[in-house]
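Asker:
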Amino acid sequence: MRIGRAGILSAALMLTTSAHVGNRNVVFQGEAGSYPLTVVIRPPEVVPGLAEISVRVEGEGVERITVQPTYWTTAPEDGAPRPDIAELVAGTADLYAAELWLMTAGAYRVDVTVEGSAGGGVVSVPVTSIATTVLDLPPGLGWVLVGLTLFLFFGAITIFGAAARESVLDASETPDRRARRRGWVAMAIGGLVVAVTAFGGKSWWDSVDQAARSGLFQPLQVEAGAGTVGGVAVLDLAITDPQWLERGYSPLVPDHGKMMHMFVVRSDMGAFAHVHPVPVDSASFRVAWPDLPPGEYRIYGDVVHETGFAQTVVDTVVVDAEVVTSRRESSGASTAEPDPTGALATIAPDADDSAWAGSAVAEPDTGPAVATLPDGSTLTWVRDGSPVVDEPTTLRFEFVGPDGSPDGLELYMGMLSHAAVTRRDGAVFVHLHPTGTISMGSLGVLEARAEGDTTFRTNFGGPQGDYEFMRPELGGDGGEMPGMAGTDNAGVVEFPFAFPRDGDYTIWVQVKRGGLVQTAAFETTVTD
Amino acid sequence: MAGGTRADARAAAIPWYLTAVLFASTSVIVGVIWDISWHQTIGRDSFLTPAHIAIYLGGIAAGIACGWLALKTTFGGTEEEKGRSVKFWGFRAPLGAWIAIWGAFAMVTSAPFDDWWHNAYGLDVEILSPPHVVLALGIMAIQVGALIMALSWQNRSGAEGERNRRLSFAYLYGAGMLIATFAVLLTEYTYPNDMHASPFYRVTAGAFPLVLFAVGRAGGMKWSATVAALVYSGLILAMMWILPLFPAEPLLAPIRRTVTHMVPPTFPLLLVFPAIAIDLVLARTGEGGRWKDWGIAAVGSVAFVLVFLAVSWFFSEFLLSPAARNYVFQADNNWPYTSSVGGWQHEFWNEDIAADGRITAGAFAAGAWWAIPIGIVSARAGLMWGNWMARVRR
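Chains as they are written, first to last, in the working numbering: chain A, 1 to 528; chain B, 1001 to 1394.
This is the structure:
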């Protein structure tokens, strides 16, 4: 067995901020009763902090919209405050806004309830609460504070002097030399005391600041490496994070049937894969290296913890020609070698794995962008101008089969389509579903807990597909996940999203037809 | 005022700005206790909660009253008025007014600092943070300013009678408010559950002899420290009995216990008993002196620690018992919505652990005896402060 050393985390990848990389905003599309709605949640950067929630509702007769946060350890009936009413935003007819405090780090569920004449309902949106920044003191406020502090400092010294010099004199007396000297001594001693106090206060402040900065969320540290096992090319991912190794994290649970959804993106955006590594032991994952050319790859692994906490682990790996050659020779995961330890079972082929190499469809100045899929179908990005930073938008794609018909899309892991969005420098990576940015695994856990199901589920129970804790409703490619069809229109797949930063992006859209997962890639430039 | 004329009444009245700073002194501490209850009950707040308004109203009242006094004394004061003031950067006002003005500025400083602090590091859940300490310093400065203003009037007038009685009470009232601020700052160390552990005795010996000896020495009345301690107890009891009358519910998740009314503070510390002891020590020892005051501080510290230990030890057992879980004592009703229900509520939180890992009387004694030297230093500093306050005339 030979495993190539992992690359070093690039600085851009360190910007990881949530279940995704470089993206904090949660966008969710669904239906509350008979009301279609889009929920955008902007979580705070500090904990505790204030999350901004906006809800856009379609349909007539909306009477009331409420939002309610529930922490993962508690149930709404006793652990959540009464719901807050989202107010209609002035100048709009269908946009409602509210603010919610997230008091603790960890997974929350925000329930959005719509009441209306057409029949209301509830949607649940998982939100990960983590501290990601420490705000710097704005210079203006800094100078105001410096000014006030100087006033307080010299004011205190003056008061010490006045107290010692003249406070005990009769009204008719004037301070004599001795009194004045007493005043100076008091000012000197008082000044020293105030200075020491101020210095102590500043070092206290510094220690709080340092603690806050070191307490900022960091995803689990991992180390990725590409190599060969039994003649088969593999990608290994080891969790090296001390907190994980000391069992400081809660175990992982599957997300639509997979313990990890890994996206492999070559640094030049010319190659992409969506694969599903399986556990080798409690701190390492393995997957057969997909059919991709050599190069430097960014690795993004989406995992969900038992608490509903979702995160993306990141690393960079250099894959050399030797690995790629061994893959070609072994043509995937078959091997003639004996397998006494069962290690090779971990690289059995997974029908949901898929790979793509080529060049993305460049963004046209106007009009739609059309990508041709391997089986001759086309996927057209119906664009409405270039996307704008932070503006909720719907990425809409229309599928047409080789026969000219929009029919024929099959469910891919329970939904019509999966998409991945990445900024060219790797600083942003988001795994999108037709419901938005949320992790379905996280939602499953939080909803199960809301129903009172707090069964402890061990994470690494056996070979893939045989976990006793696997939840059938989240399972492989069995059926449609609730609310996951995406749209009623045949051949149309939509992803609600808001780009978190400006820059050049690549969007990979994956659909399944004829049992084959097919990928289209589109370029776009997001403006501020 | 038996048979008093209007002139008598005017002569006996205390000046309006002294009333204003005493109001300020009350408003800030009432606001702080209210705000703590707010955070334990409701959690969610804004700049304009009633508790915050009470705090800032106190700062504004003190700042305006004393600022006006400074301008009037500087620009329109009689020779006599100027004579009973001290200089500050060319302006003149009584010393207490300057201290209160300084306090108002410290409060003004803390507001934007605190606001930024919440945005930078998250909404705080502790009482003690740097911006809160700046606020606390401002609050205490307003209270000390009120105290000194009352004292300087009392020390100047010297005469017996209605006015002196009123000024004395004004002073002791202000002292009671200051004691309440000390007690609130120490809340995290002074739950009934802490009272079988030595840190409680060390912390209280560090804080309370300072203020009780200062008040007792400067008061000029036989039971000064006792009256001030009674004022403190009255304020806390009033807050403790009034707050839970108001229905309220938590508005933040996660909620870990059911809270239906405003959470009251815990029953006041039984400072009245060591205060009686301190008044007796001061009455018996008479006039102080540089070295004699060390002796008084030593005797006083032992008296404070022993009396306070005796009453707190047994009273805390009562407060942790089911017998105290009623409206009068409000025991077990002081927990914030953020804390999980548990047996710890009714247990002593003992931190005195011997080398073998057990909680022992020896370990308690080894930790608790330090309260006496700490109390001596605290009492001696209080006597120094009191000696100066007894002579303040401006």
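Heads up, the beta-carbon is just placed ideally off N, CA and C, and yes, glycines get one too.
From the DSSP output, which residues share a beta bridge with residue 258 of chain A?
Answerer: As a position in the first sequence, residue 258 of chain A is number 258, starting the count at 1. In the DSSP output, where bridge partners are listed per residue, residue 258 of chain A has A/255.
Asker: Ordered along the chain, which non-local residues of its own chain (more than five positions away) have a Cβ less than 6 Å from that of residue 1057 of chain B?
Answerer: Looking up residue 1057 of chain B in the second sequence gives position 57. Here the set comprises 1027.
Asker: Starting from residue 1112 of chain B, trace the alpha helix (DSSP H) both ways and give me its first and last residue.
Answerer: Indexing the second sequence from 1 puts residue 1112 of chain B at position 112. Looking at the DSSP string, the run of the alpha helix (DSSP H) that includes residue 1112 of chain B is 1095-1121.
Asker: Taking a contact to mean a Cβ-Cβ separation below 7 Å, would you say residue 61 of chain A touches residue 116 of chain A in this structure?
Answerer: Looking up residue 61 of chain A in the first sequence gives position 61. Looking up residue 116 of chain A in the first sequence gives position 116. Yes, these two residues count as a Cβ contact at 7 Å.
Asker: CB residue 1352 of chain B to CB residue 1198 of chain B, shorter than 7 Å?
Answerer: Working through the second sequence from its first residue, we reach residue 1352 of chain B at position 352. Working through the second sequence from its first residue, we reach residue 1198 of chain B at position 198. Against a cut-off of 7 Å, the Cβ pair of residue 1198 of chain B and residue 1352 of chain B comes out as a contact.
Asker: Taking three-plus beta-carbon pairs below 8 Å as touching, is the region 1324-1334 of chain B in contact with the region 1259-1268 of chain B?
Answerer: Cβ pair count under 8 Å is three or more, so yes.
Asker: Note down the Cα distance separating residue 250 of chain A from residue 109 of chain A, rounded to an integer number of angstroms.
Answerer: As a working mapping, residue 250 of chain A is identified with position 250 in the first sequence. As a working mapping, residue 109 of chain A is identified with position 109 in the first sequence. The straight-line gap from Cα to Cα measures roughly 18 Å.
Asker: Hey, residue 361 of chain A and residue 522 of chain A are a contact pair by Cβ (cut 8 Å); roughly how many whole angstroms apart?
Answerer: Position 361 of the first sequence holds residue 361 of chain A. Position 522 of the first sequence holds residue 522 of chain A. Sure, about 5 Å apart at Cβ, within 8 Å.
Asker: Applying a beta-carbon distance threshold of less than 8 Å, which residues of chain B neighbour residue 159 of chain A?
Answerer: Sequence index remark: in the first sequence, residue 159 of chain A carries index 159 (1-based). The answer, in chain order, is 1088, 1095, 1098, 1099, 1102.
Asker: Applying the 10 Å Cβ sphere with the 16-neighbour rule, what's the burial state of residue 374 of chain A?
Answerer: On the first sequence, position 374 is the one that residue 374 of chain A refers to. The residue in question, residue 374 of chain A, is exposed, as its Cβ has fewer than 16 Cβ neighbours within 10 Å.
Asker: For chain B, check one thing: does any of its Cβ atoms lie closer than 7 Å to the Cβ of residue 126 of chain A?
Answerer: In the first sequence, counting from the first residue as 1, residue 126 of chain A sits at position 126. No, its Cβ sits nowhere closer than 7 Å to a Cβ of chain B.
Asker: For residue 458 of chain A, I'd like the list of residues in its chain whose CB is within less than 6 Å of its CB, leaving aside the five on either flank, ordered along the chain.
Answerer: Position 458 of the first sequence, counting from 1, holds the residue named residue 458 of chain A. In this prediction, residue 458 of chain A has a pLDDT of 38, which is less than 50 and means its spatial position is unreliable; what the coordinates show is noted afterwards. Same-chain partners within the cutoff: there are none.
Asker: Verify the CB distance criterion: does residue 139 of chain A have a CB-CB separation below 7 Å to chain B?
Answerer: In the first sequence, counting from the first residue as 1, residue 139 of chain A sits at position 139. No, no contact with chain B.
Asker: Does chain B have any CB closer than 7 Å to the CB of residue 134 of chain A?
Answerer: Here residue 134 of chain A refers to the residue found at position 134 of the first sequence. Closer than 7 Å: yes.
Asker: Counting contacts by CB-CB distance shorter than 7 Å, is residue 187 of chain A in contact with chain B?
Answerer: Here residue 187 of chain A corresponds to residue number 187 of the first sequence, with the count starting at 1. Taking Cβ atoms only, chain B never reaches closer than 7 Å to residue 187 of chain A, which makes this a no.
Asker: Between residue 234 of chain A and the rest of its own chain, which residues show a CB-CB distance below 8 Å, the 5 nearest in sequence each way excluded?
Answerer: Sequence index remark: in the first sequence, residue 234 of chain A carries index 234 (1-based). Apart from the 5 residues on each side of it in sequence, residue 234 of chain A sits with its Cβ closer than 8 Å to the Cβ of 226, 227, 228, 286, 287, 288, 289, 347 in its chain, given in chain order.
Asker: How many angstroms separate the CA atom of residue 17 of chain A from the CA atom of residue 24 of chain A?
Answerer: Translated into the one-based positions of the first sequence, residue 17 of chain A becomes position 17. Translated into the one-based positions of the first sequence, residue 24 of chain A becomes position 24. Because the pLDDT of residue 17 of chain A is 35, which lies under 50, any placement of that residue in the model is unreliable, and the number read from its coordinates should be weighed accordingly. The alpha-carbon atoms of residue 17 of chain A and residue 24 of chain A are separated by roughly 7 Å.
Asker: So residue 1059 of chain B and residue 1104 of chain B are in contact, right, with Cβ under 8 Å, and what is the actual spacing, rounded?
Answerer: By one-based count along the second sequence, residue 1059 of chain B stands at place 59. By one-based count along the second sequence, residue 1104 of chain B stands at place 104. Right, the Cβ-Cβ distance comes to about 5 Å (below 8 Å), so this counts as a contact.
Asker: Among the candidates B/1017, B/1015, B/1032, whose CA atom is the shortest distance from the CA of residue 1239 of chain B?
Answerer: Here residue 1239 of chain B refers to the residue found at position 239 of the second sequence. Comparing Cα-Cα distances from residue 1239 of chain B to each of B/1017, B/1015, B/1032, the minimum goes to B/1032.
Asker: Name the one or two DSSP bridge partners that residue 237 of chain A has.
Answerer: Position 237 of the first sequence, counted from the start, is the residue given in the question as residue 237 of chain A. DSSP lists A/224, A/285 as partners of residue 237 of chain A.
Asker: Out of A/107, A/155, A/220, state which residue places its alpha-carbon closest to the alpha-carbon of residue 529 of chain A.
Answerer: With chain A represented from 1 up to 528, any question about residue 529 of chain A goes unanswered, as that position is not in the structure.
Asker: Whole angstroms is fine: what's the gap from residue 1097 of chain B's alpha carbon to residue 1225 of chain B's?
Answerer: Numbered from 1 along the second sequence, position 97 holds the residue referred to as residue 1097 of chain B. Numbered from 1 along the second sequence, position 225 holds the residue referred to as residue 1225 of chain B. Whole-angstrom Cα-Cα distance: 24 Å.
Asker: Rounded to whole angstroms, what is the Cα-Cα separation between residue 1382 of chain B and residue 101 of chain A?
Answerer: The residue you call residue 1382 of chain B lines up with position 382 of the second sequence. The residue you call residue 101 of chain A lines up with position 101 of the first sequence. Their Cα atoms are separated by approximately 44 Å.
Asker: To the nearest whole angstrom, what separates the beta carbons of residue 494 of chain A and residue 434 of chain A, a pair I think is in contact under 8 Å?
Answerer: One-based indexing of the first sequence puts residue 494 of chain A at position 494. One-based indexing of the first sequence puts residue 434 of chain A at position 434. Yes, they are in contact, since the Cβ atoms of residue 494 of chain A and residue 434 of chain A sit about 6 Å apart, within 8 Å.
Asker: To the nearest angstrom, how far is the alpha carbon of residue 103 of chain A from that of residue 1249 of chain B?
Answerer: The sequence position of residue 103 of chain A within the first sequence is 103, counting from 1. The sequence position of residue 1249 of chain B within the second sequence is 249, counting from 1. For residue 103 of chain A and residue 1249 of chain B, the distance between alpha carbons rounds to 16 Å.
Asker: Check for me: the beta strand (DSSP E) holding residue 1173 of chain B runs from which residue to which?
Answerer: Locating residue 1173 of chain B in the second sequence gives position 173, counting from the first residue. DSSP places residue 1173 of chain B outside any beta strand (DSSP E); the residue lies instead in the alpha helix (DSSP H), whose first and last residues are 1162-1185.
Asker: Can you give me the Cβ contacts of residue 157 of chain A inside the same chain, cut-off strictly under 6 Å, excluding the 5 residues immediately before and after it?
Answerer: Within the first sequence, numbered from 1, the residue matching residue 157 of chain A stands at position 157. Same-chain partners within the cutoff: 187, 190, 191.
Asker: Tell me the DSSP secondary structure of residue 398 of chain A in three-state form.
Answerer: Residue numbering aside, residue 398 of chain A sits at position 398 when the first sequence is read from its first letter. Strand at residue 398 of chain A.
Asker: Counting only beta-carbon atoms, is residue 1252 of chain B nearer than 7 Å to chain A?
Answerer: Against the second sequence, residue 1252 of chain B aligns to sequence position 252. Taking Cβ atoms only, chain A reaches closer than 7 Å to residue 1252 of chain B, which makes this a yes.
Asker: Going by Cα to Cα distance, which pick from B/1313, B/1246, B/1368 is closest to residue 1038 of chain B?
Answerer: Here residue 1038 of chain B corresponds to residue number 38 of the second sequence, with the count starting at 1. The candidate whose alpha carbon is nearest that of residue 1038 of chain B is B/1246.
Asker: Can you pull the chain A neighbours of residue 1113 of chain B, defined as C-beta to C-beta under 9 Å?
Answerer: Numbered from its first residue, the second sequence carries residue 1113 of chain B at position 113. 141, 145, 148, listed in chain order.
Asker: Identify, in the order they occur along the chain, each residue of the same chain with its Cβ nearer than 7 Å to the Cβ of residue 354 of chain A, setting aside the five sequence neighbours on each side.
Answerer: By 1-based counting over the first sequence, the position of residue 354 of chain A is 354. Taken in chain order, the residues that qualify are 273, 274, 510, 517, 519.
Asker: Leaving out five residues on either side along the sequence, give the residues of the same chain with a beta carbon under 6 Å from the beta carbon of residue 42 of chain A.
Answerer: As a first step, residue 42 of chain A is located in the first sequence; it is residue number 42 there, counting from the start. Correct list, in chain order: 25, 52.
Asker: Rounded to the nearest angstrom, what separates residue 1029 of chain B and residue 1054 of chain B at their Cα positions?
Answerer: Mapped onto the second sequence, residue 1029 of chain B falls at position 29. Mapped onto the second sequence, residue 1054 of chain B falls at position 54. Spanning the two alpha carbons is a distance of roughly 9 Å.
Asker: Going straight from the alpha carbon of residue 1166 of chain B to that of residue 1151 of chain B, what length do you get?
Answerer: Numbered from its first residue, the second sequence carries residue 1166 of chain B at position 166. Numbered from its first residue, the second sequence carries residue 1151 of chain B at position 151. In a straight line, the C-alpha of residue 1166 of chain B is about 11 Å away from that of residue 1151 of chain B.
Asker: Excluding sequence positions up to five away, which residues of its chain have a Cβ less than 6 Å from the Cβ of residue 1146 of chain B?
Answerer: Working through the second sequence from its first residue, we reach residue 1146 of chain B at position 146. Here residue 1146 of chain B has 1021, 1022, 1025, 1174 as same chain residues with Cβ atoms under 6 Å from its own Cβ, once five neighbours each way along the sequence are excluded.
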